[in-house]
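Colleague:
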Amino acid sequence: MKVSLVRHTSVELDGNFTCYGALDVEVNPTFEQEAKGAKERIEGLQPDGVFTSPLQRAVKLATYCGYGHAERDDRLREMNFGAWEGKPWSEILTTQDIPAFFRYYVDHRTPGGESLSDQQLRVRAFLEEKKLEGFRHILLFCHGGVINCARTLVGETSIVEAFASLPGFASHTLIEY
């Protein structure tokens, strides 16, 4: 099954400074310009299923690209950082050894949230379900973490290495699942 993954456009919070994942943040004022690029990148695709994260940054892009009917699925949400959502990374990482933190959150849940392995399991469940349903090509409007989980599931990278860099905002990643 072909899987076209489109990352949402940039948002008002800067992820380099503020932790957000499942937090439903607003898109940047540059949305239309970024969304236009995403729409051009996926022009000509003929998916037999279109799905989106229920978070507004993904839904808005799906709608702009002509897929307002895309089915919302919670399994396509970004990782839930729990108590860390909306907090500055400088506050979170003052109590953590940074290299240890990035090894730790792969298998251990953030306070009140989930682990990267939890996220990968829900992405796998979604993809397995769609494959069993007989889809040949699905289009997903989602998040960098979801895209990286999908990439690890097809062996493009390891779960630890994938998160060294996220795909660009409004980017299109194609995998074969």
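Note that the working numbering gives residue 1288 to position 175 of the sequence shown, counting from 1, and the numbers run on in steps of one.
Built from N, CA and C at the ideal position, the CB exists for glycine as well.
Apply the 10 Å Cβ neighbour rule to R1216 and answer buried if 16 or more other Cβ atoms are within range, or exposed otherwise.
Modeller: Reading the sequence shown from its first residue, position 103 is the one you call residue 1216. Per the 10 Å Cβ criterion, exposed.
Colleague: Extract the residue ranges of the beta strand (DSSP E) inside the segment 1116 to 1176, only unbroken runs of 3 or more that lie entirely within it.
Modeller: 1162 to 1165
Colleague: Roughly how many whole angstroms lie between the Cα atoms of V1140 and S1278?
Modeller: On the sequence shown, residue 1140 is found 27 positions in, with the first residue counted as 1. On the sequence shown, residue 1278 is found 165 positions in, with the first residue counted as 1. So the alpha carbons of these two residues sit roughly 21 Å apart.
Colleague: First and last residue of the alpha helix (DSSP H) that includes T1265?
Modeller: Working through the sequence shown from its first residue, we reach residue 1265 at position 152. Start and end: G1257 to L1266.
Colleague: Within a Cβ cutoff of 7 Å, which residues of the same chain sit near T1265, ignoring the five residues on either side of it in sequence?
Modeller: Here residue 1265 refers to the residue found at position 152 of the sequence shown. Counting only Cβ-Cβ distances below 7 Å, and skipping sequence neighbours, we find Q1233, S1271, I1272 and A1275.
Colleague: Just mark S1203 as buried or exposed, buried being the case when its beta carbon has 16 or more other beta carbons within 10 Å.
Modeller: Start at 1 with the first residue of the sequence shown, and residue 1203 comes out as number 90. The residue is exposed, with fewer than 16 neighbouring Cβ atoms inside 10 Å.
Colleague: State the start and end residues of the unbroken alpha helix (DSSP H) segment that holds E1274.
Modeller: If you number the sequence shown from 1, residue 1274 lands on position 161. I1272 to A1275 is the extent of the alpha helix (DSSP H) around E1274.
Colleague: Would the beta-carbon of C1255 fall within 8 Å of that of F1194?
Modeller: Position 142 of the sequence shown, counting from 1, holds the residue named residue 1255. Position 81 of the sequence shown, counting from 1, holds the residue named residue 1194. No, Cβ-Cβ distance for C1255 and F1194 is not below 8 Å.
Colleague: Between L1189 and L1253, how many whole angstroms is the CB-CB distance? I'm expecting something under 8 Å.
Modeller: Translated into the one-based positions of the sequence shown, residue 1189 becomes position 76. Translated into the one-based positions of the sequence shown, residue 1253 becomes position 140. Yes, L1189 and L1253 are in contact; Cβ-Cβ is about 6 Å, under 8 Å.
Colleague: Quick one: give me the first and last residue of the alpha helix (DSSP H) that L1240 is part of.
Modeller: Here residue 1240 corresponds to residue number 127 of the sequence shown, with the count starting at 1. L1229 to L1245 is the span of the alpha helix (DSSP H), which, as asked, contains L1240.
Colleague: Please state the DSSP three-state secondary structure of L1287.
Modeller: The residue labelled residue 1287 in the question sits at position 174 within the sequence shown. In this structure, L1287 counts as strand in the three-state DSSP scheme.
Colleague: Could you give the first and the last residue of the continuous alpha helix (DSSP H) run that contains W1202?
Modeller: The residue you call residue 1202 lines up with position 89 of the sequence shown. Membership of W1202 in the alpha helix (DSSP H) is indicated by the continuous run W1202 to I1205.
Colleague: Could you tell me the distance, in whole angstroms, from the CA atom of G1181 to the CA atom of N1129?
Modeller: By one-based count along the sequence shown, residue 1181 stands at place 68. By one-based count along the sequence shown, residue 1129 stands at place 16. Each residue's alpha carbon lies about 30 Å from the other.
Colleague: Based on DSSP bridge pairs, tell me the residues matched to R1185.
Modeller: Indexing the sequence shown from 1 puts residue 1185 at position 72. For R1185, which the question treats as bridged, DSSP gives the partners T1165.
Colleague: Cα-Cα, which of T1165, E1241, G1157 and Y1177 is closest to A1148?
Modeller: The residue given as residue 1148 occupies position 35 in the sequence shown. Closest option to A1148, Cα to Cα, is Y1177.
Colleague: Less than 6 Å between C-beta atoms, sequence neighbours within five positions excluded: which residues of the same chain meet that for L1240?
Modeller: Residue 1240 sits at position 127 when you count from the first residue of the sequence shown. So the qualifying residues of the chain are Y1290.
Colleague: Suppose the cutoff is 8 Å on Cβ atoms and the five residues either side in sequence are ignored; what does the same chain contact list for G1258 look like?
Modeller: What you label residue 1258 is simply residue 145 of the sequence shown in a count that begins at 1. So the qualifying residues of the chain are G1134, E1191, M1192, L1229, Q1232, F1276 and L1279.
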